[in-house]
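Enquirer: Per our numbering, the sequence shown starts with residue 621, numbered consecutively.
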Amino acid sequence: KCHSDHGESDDHSRASDAPTSSRAAEGMDYDEDQTFLEKLKNAKLDARSELKIDEWDKYGFHKLDLDQALGPALNNIEYVHCDDCSLQEMIDRFEVPCKPVMIRGLMDRWPAMKKWKTGYFLERFGETRLKCGEDDDGYKVKLRLKHFLRYMATQKDDSPLYVFDADFGDSGKETRTLLDDYIVPDYFTEDLFQHAGEDRRPPYRWMLLGPARSGSNMHIDPLGTSAWNAIIFGRKRWVLYPPGTPRSAVKPDAWLDRPDHEAIDWFLYHRDKINASLPPHQQPIELIQEAGEIILVPTGWWHTVLNLEDSLAVTQNFCSTTNFSAVWDETRRSRTRLARRWLRMLKPIRPDLYEVAQRLAGDGDGLVTAEE
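1. Which residue from 775, 690, 667, 783 puts its Cα closest to that of residue 758?
2. Could you tell me which of 914, 956, 937, 972 sits nearest to residue 699, measuring between CA atoms?
3. Please classify residue 672 as buried or exposed, where buried requires at least 16 other C-beta atoms within 10 Å of its C-beta.
4. State the Cα-Cα distance for the pair residue 840 and residue 925, rounded to the nearest angstrom.
5. Once you ignore the five residues that flank residue 796 on each side, which residues in its own chain have a CB closer than 7 Å to its CB?
6. So residue 963 and residue 977 are in contact, right, with Cβ under 8 Å, and what is the actual spacing, rounded?
7. Tell me the start and end of each unbroken alpha helix (DSSP H) in the stretch 817-850 that is at least 4 residues and wholly inside, in chain order.
8. Between the Cα of residue 773 and those of 742, 696, 649, spot the shortest distance and give me the residue it belongs to.
9. Secondary structure at residue 949, three-state DSSP: helix, strand or coil?
10. Excluding the 5 residues preceding and the 5 following residue 728 in the sequence, name in chain order all residues of the same chain whose CB lies nearer than 8 Å to its CB.
11. Locate the alpha helix (DSSP H) running through residue 741, then write down its first and last residues.
12. Since residue 722 is in the alpha helix (DSSP H), which residue starts that stretch and which ends it?
13. For the beta strand (DSSP E) that contains residue 784, what are its first and last residues?
14. Using 8 Å as the Cβ pair cut-off and three pairs as the minimum, do the stretch 766-785 and the stretch 800-809 touch?
15. I'd like to check one pair, residue 828 with residue 933: are the Cβ atoms closer than 8 Å?
16. With distances taken Cα to Cα, identify the nearest neighbour of residue 811 among 938, 778, 753.
17. In three-state terms, what does DSSP make of residue 799?
18. Could you check if residue 807 is buried or exposed, using at least 16 other CB atoms within 10 Å of its CB as the buried criterion?
19. Could you tell me whether the Cβ atoms of residue 664 and residue 765 are closer together than 8 Å?
20. Using a Cβ-Cβ cut-off of 7 Å (strictly less than) and excluding sequence neighbours within five positions of residue 942, which residues of its own chain qualify?
21. Would you kindly check if the distance between the Cβ of residue 921 and the Cβ of residue 876 is under 8 Å?
22. Who does residue 810 pair with in a DSSP beta bridge?
23. Helix or strand or just coil, what does DSSP make of residue 639?
24. Buried or exposed: residue 697, going by 16 or more other Cβ atoms within 10 Å of its Cβ?
25. Measuring straight from C-alpha to C-alpha, what distance separates residue 644 and residue 651?
26. Tell me which residues share the same chain as residue 641 and place their Cβ nearer than 6 Å to its Cβ, disregarding the 5 neighbours each side in the sequence.
27. Where does residue 740 land, buried or exposed, given buried means 16+ other C-beta within 10 angstroms?
28. By alpha-carbon positions, which one of 655, 816, 929, 879 ends up nearest to residue 675?
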């Protein structure tokens, strides 16, 4: 469509009588179109090197009505309203028993709910480059927001590119002002990783922007953290499996062996088989999250998410007193230098958690210190 908008060569010859300024404007539009197409092509090739450019829409998933294709969601998650659930109730009813919950009412007064429209993003942050994938070496693949929004409005890809940007709130970024437009829920303000230092802590805050059929593959959130996810606009389909569900069950070889093991492929062709193979205590929570709702995903839950329409969300991972044991155990095993620094900073601030770390050291027999 970008090419056909400019017509064939004889259209340009008929336009030769147009004022110079008009021809210049047309040339600028053409240059912008070519820049967009080139940047998009490069981003696609980098993000999914296994696909040729003409293979991104080979299954024609854009023709599907996703709600109809996926069937009704169980919506077997508990819902609460913030006016009816205190902080202590949230901890006792959901965090301690490690139980997902959907929360309503928290976003009613967020400025983002009125401000965060695509037009606003285009005008304010159109030139900002955001992460929309990773290449085969783990390097970030980025597009300018103006190019991504144009792509989002016109794409027909089976599993589209998805902005999943952890840097939008960093100091010096144009998009840092977006932090003023939403409020970390009171339930989840405890942030123990802040004591590791802002420059040393793991990534924890993301902006998520993507079209229908984009999404995130089956995973457990890193380092034992819990997470909350808030939708500004759009709808998301979630499937979550409880801690202890085998990785091989929720990420079967039949899915991993496919070249296109994307979220939409999992939802369409593997979800029902997986659920049928699991015992009752490992059956999933399935739901559709609507704009204005916040979901809590506690420590250790497998989950995958599919955008049912153009969607914008923010999400944060966190370590609290409740999940500290799980987070510390994961961190000391996989991020030794971070764990050492974090422990040193926690000792004078939270001596109670320092003692928890000591009890978890080694085999828990007191023969090895947390530092060791």
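Don't be surprised by glycine CBs; every beta carbon is placed ideally from N, CA and C.
Expert: So, from the listed chains and residues:
1. Taking the first residue of the sequence shown as 1, we reach residue 758 at position 138. For residue 758, the nearest C-alpha among the options comes from 667.
2. Here residue 699 corresponds to residue number 79 of the sequence shown, with the count starting at 1. Among 914, 956, 937, 972, the Cα nearest to that of residue 699 belongs to 914.
3. Position 52 of the sequence shown, counted from the first residue, corresponds to residue 672. Under this definition residue 672 is an exposed residue.
4. Mapped onto the sequence shown, residue 840 falls at position 220. Mapped onto the sequence shown, residue 925 falls at position 305. Using only the alpha carbons, I get a separation of about 12 Å.
5. Sequence index remark: in the sequence shown, residue 796 carries index 176 (1-based). Excluding residues within five positions, the ones whose Cβ falls inside 7 Å are 789, 790.
6. Within the sequence shown, residue 963 is the residue found at index 343, counting from 1. Within the sequence shown, residue 977 is the residue found at index 357, counting from 1. With a Cβ gap of about 6 Å, residue 963 and residue 977 count as contacting.
7. DSSP runs (the alpha helix (DSSP H)) wholly in the stretch 817-850: none.
8. In the sequence shown, residue 773 corresponds to position 153, counting from 1. If we check each option's Cα against that of residue 773, 742 comes out closest.
9. One-based indexing of the sequence shown puts residue 949 at position 329. It is helical.
10. If you number the sequence shown from 1, residue 728 lands on position 108. Correct list, in chain order: 912.
11. Translated into positions along the sequence shown, residue 741 becomes position 121. Here the alpha helix (DSSP H) through residue 741 covers 738-745.
12. As a position in the sequence shown, residue 722 is number 102, starting the count at 1. For residue 722, no alpha helix (DSSP H) run applies; the uninterrupted beta strand (DSSP E) run containing it begins and ends at 721-724, by DSSP.
13. The sequence position of residue 784 within the sequence shown is 164, counting from 1. Run containing residue 784: 783-785, per the beta strand (DSSP E) assignment.
14. no
15. Locating residue 933 in the sequence shown gives position 313, counting from the first residue. Locating residue 828 in the sequence shown gives position 208, counting from the first residue. In contact: residue 933 and residue 828 (Cβ atoms closer than 8 Å).
16. Translated into the one-based positions of the sequence shown, residue 811 becomes position 191. Residue 938 is the option with its Cα nearest to residue 811.
17. By 1-based counting over the sequence shown, the position of residue 799 is 179. Helix at residue 799.
18. The count along the sequence shown starts at 1 and reaches residue 807 at position 187. Around the beta carbon of residue 807, 16 or more other beta carbons lie within 10 angstroms, which makes this residue buried.
19. Taking the first residue of the sequence shown as 1, we reach residue 664 at position 44. Taking the first residue of the sequence shown as 1, we reach residue 765 at position 145. No, Cβ-Cβ distance for residue 664 and residue 765 is not below 8 Å.
20. The residue labelled residue 942 in the question sits at position 322 within the sequence shown. Its chain contains 711, 715, 716 as the residues whose beta carbon lies nearer than 7 Å to that of residue 942, once the 5 sequence neighbours on both sides are disregarded; these appear in chain order.
21. Here residue 876 refers to the residue found at position 256 of the sequence shown. Here residue 921 refers to the residue found at position 301 of the sequence shown. Not in contact: residue 876 and residue 921 (Cβ atoms no closer than 8 Å).
22. On the sequence shown, residue 810 is found 190 positions in, with the first residue counted as 1. None, per the DSSP bridge assignment.
23. Walking along the sequence shown from the start, residue 639 turns up at place 19. Its pLDDT being 39, under 50, residue 639 is placed unreliably in this model, and the coordinates cannot settle the point.
24. Locating residue 697 in the sequence shown gives position 77, where the first residue counts as 1. Label assigned to residue 697: buried.
25. One-based indexing of the sequence shown puts residue 644 at position 24. One-based indexing of the sequence shown puts residue 651 at position 31. Below a pLDDT of 50, predicted positions are generally treated as unreliable, and residue 644, at 41, falls in that range; no measurement from the model is reported.
26. Translated into positions along the sequence shown, residue 641 becomes position 21. In this prediction, residue 641 scores a pLDDT of 42, lower than 50, which makes its location untrustworthy; no coordinate-derived value is stated.
27. As a position in the sequence shown, residue 740 is number 120, starting the count at 1. A residue is called buried when at least 16 other Cβ atoms come within 10 angstroms of its Cβ; residue 740 does not meet this threshold and is exposed.
28. Here residue 675 is taken as the residue at index 55 of the sequence shown, counted from 1. Here the closest residue by C-alpha is 879.
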